[in-house]
Ligand code: ADP
Ligand code: MG
């Protein structure tokens with residue numbers, strides 16, 4: 024059975040950018056057949072971070088989340104490929120690095136549940152919303 028080609032939003036978070044893991048992380052995506060079709064490096068403003076994480080605004084760690092993602096430069100990408108949303112989540116690993124399987128980004132690279140190196144969209148609906156925020160021109 025062939026899977027649908029999807030787009031998903033990936034962010035390399037400040038902890039991974041600071042520790043020079045950009046190339047390592049991008050290699051994992053490309054090596055797994057996910058194509059980078061848009062990419063930008065920037066520091067998010069607090070307001071951009073609040074918009075991006077709006078889905079989590081009721082969670083107790085929302086302030087921490089917004090402060091961290093806007094604390095330094097990030098790399099924002101659109102990845103495209105078959106079943107890209109789940110494929111990216113598999114490469115990322117579990118949210119908490121202590122629970123992430125060996126060979127995943129979060130197991131191999133991440134420092135803590137907050138400083139967990141990567142973001143990846145969790146559904147088609149959220150991928151659309153997230154891509155729209157940063158790369159509206161690329162949305163299919
Ligand atoms: P994921 O990034 O795996 O999709 P969530 O969407 O549940 O995870 O949470 C968004 C981000 O919020 C996580 O990547 C993580 O950095 C942070 N986070 C999640 N749970 C906690 C927690 N209990 N304490 C601190 N930060 C958290
Ligand atoms: Mg999430």
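In the numbering used here, the protein residues as written are 24 to 163. Yeah, the Cβ is synthetic: ideal placement off N, Cα and C, and Gly gets one too. Just so we're clear, the structure is a prediction, and the values are computed from it rather than from any experiment.
| Item | Value |
| --- | --- |
| Three-state secondary structure (DSSP) at residue 34? | strand |
| Per DSSP, which residues does residue 141 bridge with? Please list them. | 35 |
| Just to confirm my understanding: we take residue 154, look at its own chain, exclude 5 residues before and 5 after, and list those with CB closer than 7 Å. What are they? | 30, 32, 101, 161 and 162 |
| Confirm the yes/no value for this check: CB of residue 142, any heavy atom of the ligand MG, distance under 8 Å. | yes |
| Should residue 127 be counted as a contact of the ligand ADP given a C-beta to heavy atom distance under 8 Å? | no |
| Between the beta-carbon of residue 57 and the beta-carbon of residue 104, is there less than 9 Å? | yes |
| Per DSSP, what kind of secondary structure is residue 105 in: helix, strand or coil? | strand |
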